[in-house]
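Sequences listed follow chains S and F, in order. Using the working numbering, read the first sequence as starting at 1 and increasing by one per residue. Using the working numbering, read the second sequence as starting at 1001 and increasing by one per residue. Backbone N, C-alpha and C define an ideal beta-carbon position, used for all residues, glycine too. Here's the structure we're looking at; comments come further down.
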Amino acid sequence: MTAPGFLGQKLGMTQVFDETGSAIAVTVVEVLDMTVTQVKTKETDGYDAIQVGVIEAKPKHLTKARQGHLTKNELPLFRTLKEFRVSKEIVATYKVGDKVDLSFLETQGLLLSFTGQSIGKGTMGCIRRWGHHRGPMSHGSKNHRLPGSIGAGTTPGRVYRGLQMSGRTGNATVTVQNLPVVRYIADKNVVLVKGSVPGAEGGLLIAKVR
Amino acid sequence: MQHPLIREIEKEYTRTDRPVLFPGDTVRVNVKIVEGSKERIQAFEGIIIAKRGAGVGATFRVRKVFQGVSVERTFLINSPRVETITVLRRGRVRRAKLYYLRDRMGKAARIREKTTGYAAPTKFGSILVANANNPTEGTKKAKKKK
Chain S
1 MTAPGFLGQK
11 LGMTQVFDET
21 GSAIAVTVVE
31 VLDMTVTQVK
41 TKETDGYDAI
51 QVGVIEAKPK
61 HLTKARQGHL
71 TKNELPLFRT
81 LKEFRVSKEI
91 VATYKVGDKV
101 DLSFLETQGL
111 LLSFTGQSIG
121 KGTMGCIRRW
131 GHHRGPMSHG
141 SKNHRLPGSI
151 GAGTTPGRVY
161 RGLQMSGRTG
171 NATVTVQNLP
181 VVRYIADKNV
191 VLVKGSVPGA
201 EGGLLIAKVR
Chain F
1001 MQHPLIREIE
1011 KEYTRTDRPV
1021 LFPGDTVRVN
1031 VKIVEGSKER
1041 IQAFEGIIIA
1051 KRGAGVGATF
1061 RVRKVFQGVS
1071 VERTFLINSP
1081 RVETITVLRR
1091 GRVRRAKLYY
1101 LRDRMGKAAR
1111 IREKTTGYAA
1121 PTKFGSILVA
1131 NANNPTEGTK
1141 KAKKKK
């Protein structure tokens, strides 16, 4: 294995057929072209990691500090930088400016975990957000979609943590673990993973090998 | 909008040997069935009462009455388990979903054959097949049977 993960972009979902003819729902994830922007070692930084950059940006979209960090090594201006913790042996194989080797995606039965920003839903009531039941709509009932009681009185004298209430939903960092890779198409830089991944189409994803 | 790359991937899984299907058509669908280690083919013959979806995931629903029991089955058009689809007869219908057939029995559930207009069979078989250069044998076979 040469890298513990990759940065990707969600392209959308479709379905494919396997050898037995079963249809599998898959998410199409583009594997972004990653350039090593910094190599961290135990001696200099306290841990071993490679920092990679993806997607070029205009100078005005990056801070001077970020620009300096990249231009110092004559690298393109990357919009996103991300670190992957890897073993010492792997770190030793990389130097700044290298492309990350993606051959690990060819592994049979590879499981990946995806982290992304989920789609923002705005403010939601408890019925939509948590699946609560509603109250009666008639017979004098005034409780149609209200949350109801939020707890007892003097004992315990507080509202329990984690109580399901209405509020902002989505737009959070979500990780989905252990999605099997159905197919890796190297010439298109695309991975088909079984199931769904967080976020909207075009959203950035951090994939990690289990 | 669907990403162009996804369309390309879908193309790989889309079968080009399928005839164009319309609601109202009478079809024979040969389905692969796996029994233990053996594989055999079973035919399902009936009227298409609905089509659904686009791309690789498109399906069609076939209805037949077997021994007085009505049976409906939905097939994925592009599924490798569907061996062949043969159009036996084009029907003349005026809507996309023929669910009204469920409430009808016997003579009332008949559909007139389409003889003119778009997708009507000609003496060369139906011209509207997915692969224009290679009209499926299915439509020709259907002609012979009649």
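Compare the C-alpha of S/Leu177 against each of S/Thr44, S/Ile206, S/Arg168 and name the closest.
Here residue 177 of chain S corresponds to residue number 177 of the first sequence, with the count starting at 1. The sequence given here has Gln at residue 177 of chain S, not Leu. Cα-wise, what sits closest to S/Gln177 is S/Ile206.
Does the beta-carbon of F/Arg1040, which I'm using as the reference point, lie nearer than 7 Å to any heavy atom of the ligand MG?
Among the components of this structure there are no ligands whatsoever, and the ligand MG is therefore not found.
Could you give the distance in angstroms between the alpha-carbon of S/Leu77 and the alpha-carbon of S/Pro147?
For the purposes of this step, residue 77 of chain S is taken as residue 77 along the first sequence, with counting starting at 1. For the purposes of this step, residue 147 of chain S is taken as residue 147 along the first sequence, with counting starting at 1. Rounded to the nearest angstrom, the two C-alpha atoms are 49 Å apart.
Listed from N- to C-terminal order along the chain, which residues in the segment 1038 to 1068 of chain F have their beta-carbon within a distance smaller than 8 Å of any beta-carbon of chain S?
Gly1055, Val1056, Gly1057
Outcome for F/Asp1025 when other beta-carbon atoms lying within 10 angstroms are tallied against a minimum of 16:
By one-based count along the second sequence, residue 1025 of chain F stands at place 25. Answer is buried; the Cβ neighbour count reaches 16.
In terms of residues, what are the limits of the alpha helix (DSSP H) holding F/Tyr1013?
On the second sequence, position 13 is the one that residue 1013 of chain F refers to. Taken as a continuous stretch (DSSP letters only), the alpha helix (DSSP H) holding F/Tyr1013 covers 1004 to 1013.
From which residue to which residue does the beta strand (DSSP E) around F/Ala1050 run?
Sequence index remark: in the second sequence, residue 1050 of chain F carries index 50 (1-based). It spans 1038 to 1052 - the beta strand (DSSP E) in which F/Ala1050 sits, taken as one unbroken run.
Contact criterion: CB-CB distance below 8 Å. Does F/Glu1035 meet it with respect to chain S?
For the purposes of this step, residue 1035 of chain F is identified with residue 35 of the second sequence, where counting begins at 1. F/Glu1035 does not count as touching chain S.
Taking Cβ-Cβ distances shorter than 8 Å, what residues in chain F pair up with S/Leu11?
Against the first sequence, residue 11 of chain S aligns to sequence position 11. What S/Leu11 touches in chain F: His1003, Leu1005, Ile1006.
With 7 Å as the limit, tell me which residues of the segment 1072 to 1093 of chain F have their beta carbon closer than that to any beta carbon of chain S; keep them in chain order.
Leu1076, Ser1079, Pro1080, Arg1081
Report all residues from its chain with a CB closer than 7 Å to the CB of S/Arg127; omit the five preceding and five following residues, and keep chain order.
Within the first sequence, the letter at position 127 stands for residue 127 of chain S. With the sequence shown as reference, residue 127 of chain S is identified as Ile, and Arg is not the correct amino acid for it. The answer, listed in chain order, is Arg134, Arg145.
Determine the DSSP secondary structure at S/Glu56, reduced to helix, strand or coil.
Along the first sequence, read from residue 1 onward, the residue named residue 56 of chain S stands at position 56. In this structure, S/Glu56 counts as strand in the three-state DSSP scheme.
For S/Lys194, which residues in chain F fall below 7 Å Cβ to Cβ?
What you label residue 194 of chain S is simply residue 194 of the first sequence in a count that begins at 1. By Cβ distance, chain F contributes nothing, its closest Cβ being about 14 Å from S/Lys194, past 7 Å.
Is there at least one Cβ from chain F nearer than 8 Å to S/Val190's Cβ?
Your numbering for residue 190 of chain S matches position 190 in the first sequence. Yes, contact with chain F.
Check whether F/Leu1021 and F/Ile1047 have beta carbons under 8 Å apart:
As a position in the second sequence, residue 1021 of chain F is number 21, starting the count at 1. As a position in the second sequence, residue 1047 of chain F is number 47, starting the count at 1. Not in contact: F/Leu1021 and F/Ile1047 (Cβ atoms no closer than 8 Å).
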